[in-house]
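*Asks:*
Residue numbers (my numbering): 2 to 264.
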């Protein structure tokens with residue numbers, strides 16, 4: 002708890018990210034990643050393997066962009082640095098551990114940006130939801146854009162904020178949570194589809210709550226009904242082992258990896 006508080010105070014983050022809970026979520030994720038290190042290892046290895054295949058088959062190697070860089074646990078940063086002249090890491094919050102990891106990497110840049118398109122709406126700075134990617138993704142020198150286990154995460158905080166609001170947010174009301182979430186997911190995919198760069202996509206698809214007898218007690222669609230094509234690779238991620246989220250249940254995510262999403 003004390004470590005989390007110190008991280009909260011010390012991590013650079015814009016006021017909106019602090020107020021809307023993005024910084025708190027980032028620090029909470031760091032703590033869970035530490036507690037669940039063994040359970041997460043196969044998922045992180047599989048994610049890195051998909052990205053490495055995307056790197057191997059990428060023809061343009063000037064700039065690579067990682068959307069949702071987070072803690073970099075699922076990103077083979079050394080491979081990206083080796084094969085690309087410039088690497089841009091994009092996230093709403095860059096944890097201290099990530100900042101330390103890239104401190105001595107002259108070809109790595111950190112870009113702080115909301116990728117859901119919802120933050121400006123939630124803070125009253127924009128009249129409507131506007132999912133978009135940073136301009137670097139569309140630059141001619143950008144050969145690879147990686148959406149790194151981000152797609153299912155984008156709606157979480159905005160949907161929670163909308164559903165907890167007594168007043169409409171823009172044209173959206175608290176009853177529009179599912180439609181709001183789907184719009185964010187679709188917006189990210191639409192933006193990725195418009196790029197000329199190769200797109201590597203990693204995303205959770207759904208979540209199962211299973212008991213100790215292996216019975217599925219609940220299932221949740223993490224993409225709000227949006228369906229993707231057959232992935233190049235898929236696997237199960239034990240997000241929360243028994244005792245992490247609940248004593249008698251664990252959370253399992255089905256993950257899809259595309260080293261060339263539009264191929």
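Idealized CB from N, CA, C, for every residue including glycine.
Are the Cβ atoms of residue 258 and residue 42 separated by less than 8 Å?
*Replies:* No; because the gap between Cβ atoms is not below 8 Å, this pair is not in contact.
*Asks:* Could you name the residues of the same chain whose beta carbon sits closer than 8 Å to that of residue 55, not counting the 5 residues immediately before and after it, in chain order?
*Replies:* These residues qualify, in order along the chain: 145, 147, 199, 201, 260 and 261.
*Asks:* Taking 7 Å as the line, does the beta carbon of residue 48 fall inside it for any heavy atom of the ligand COA?
*Replies:* Questions concerning the ligand COA fall outside what the structure shown contains, since it holds no ligand whatsoever.
*Asks:* Would you mind working out which of 136, 168 and 112 sits nearest residue 123, comparing C-alpha positions?
*Replies:* Here the closest residue by C-alpha is 168.
*Asks:* Can you tell me where the beta strand (DSSP E) with residue 259 in it begins and where it stops?
*Replies:* Counting along the chain, the beta strand (DSSP E) containing residue 259 begins and ends at 250-259.
*Asks:* Residue 51 by DSSP, collapsed to three states: which one?
*Replies:* Looking at residue 51 - three-state DSSP - the assignment turns out to be helix.
*Asks:* Mind reading off the beta-carbon distance from residue 76 to residue 91? Whole number of angstroms is fine, and I expect it under 8 Å.
*Replies:* Incorrect: roughly 11 Å between the Cβ atoms, too far for contact.
*Asks:* Grab me the residues of residue 243's own chain with a C-beta within less than 6 Å of its C-beta, minus the 5 sequence neighbours each way, in chain order.
*Replies:* Excluding residues within five positions, the ones whose Cβ falls inside 6 Å are 251.
*Asks:* Under DSSP, the alpha helix (DSSP H) around residue 143 begins and ends at which residues?
*Replies:* Looking at the DSSP string, residue 143 is not in any alpha helix (DSSP H); the run it does join, the beta strand (DSSP E), is 143-149.
*Asks:* Please determine, among 5, 107, 96 and 100, the residue with the shortest C-alpha to C-alpha distance to residue 88.
*Replies:* The shortest C-alpha separation from residue 88 is found at 107.
*Asks:* So the beta strand (DSSP E) residue 218 belongs to, where does it begin and stop?
*Replies:* Where residue 218 is concerned, the enclosing beta strand (DSSP E) stretches over 217-222.
*Asks:* Specify the secondary structure class of residue 37 as computed by DSSP and reduced to three states.
*Replies:* Coil at residue 37, not helix or strand.
*Asks:* Just list the residues that DSSP pairs residue 65 with in beta bridges.
*Replies:* Answer by DSSP bridge pairing, in chain order: 88 and 145.
*Asks:* Going along the chain, which unbroken runs of the alpha helix (DSSP H) with 4 or more residues stay wholly within the stretch 148-208?
*Replies:* Those alpha helix (DSSP H) runs which fall completely within the stretch 148-208 and span 4+ residues are 157-164 and 178-194.
*Asks:* Would you mind stating whether residue 206 and residue 255 have Cβ atoms separated by less than 8 Å?
*Replies:* Yes. Within cutoff.
*Asks:* Let me check understanding here. Comparing Cα to Cα, which of 11, 204 and 132 lies closest to residue 98?
*Replies:* For the residues 11, 204 and 132, the minimum Cα distance to residue 98 belongs to 11.
*Asks:* How big is the Cα-Cα spacing for residue 241 and residue 253?
*Replies:* The alpha-carbon atoms of residue 241 and residue 253 are separated by roughly 7 Å.
*Asks:* Per DSSP, what kind of secondary structure is residue 210 in: helix, strand or coil?
*Replies:* Reduced to three states, the DSSP call for residue 210 is strand.
*Asks:* Less than 8 Å between the C-beta atoms of residue 18 and residue 24, yes or no?
*Replies:* Taking 8 Å as the Cβ cut-off, residue 18 and residue 24 qualify as a contacting pair.
*Asks:* Identify whether residue 99 lies in helix, strand or coil by the three-state DSSP scheme.
*Replies:* Of the three classes helix, strand and coil, the one that applies to residue 99 here is helix, per DSSP.
*Asks:* Am I right that residue 132 and residue 192 are in contact with their C-beta atoms under 8 Å? What's the rounded C-beta distance?
*Replies:* With 8 Å as the limit, residue 132 and residue 192 qualify as a contact, their Cβ atoms being about 6 Å apart.
*Asks:* Just to confirm my understanding: we take residue 151, look at its own chain, exclude 5 residues before and 5 after, and list those with CB closer than 6 Å. What are they?
*Replies:* Counting only Cβ-Cβ distances below 6 Å, and skipping sequence neighbours, we find 68 and 69.
*Asks:* Is it right to say residue 79 is buried, meaning 16 or more other beta carbons lie within 10 angstroms of its own, or is it exposed?
*Replies:* So residue 79 ends up on the exposed side.
*Asks:* For residue 263, which three-state DSSP category applies?
*Replies:* Of the three classes helix, strand and coil, the one that applies to residue 263 here is coil, per DSSP.
*Asks:* Does DSSP classify residue 239 as helix, strand or coil?
*Replies:* In the structure shown, residue 239 sits in a strand (DSSP, three-state: E or B).
*Asks:* Does the stretch 171-191 come close enough to the stretch 211-219 to have 3 or more Cβ pairs within less than 8 Å?
*Replies:* No contact exists between the stretch 171-191 and the stretch 211-219.
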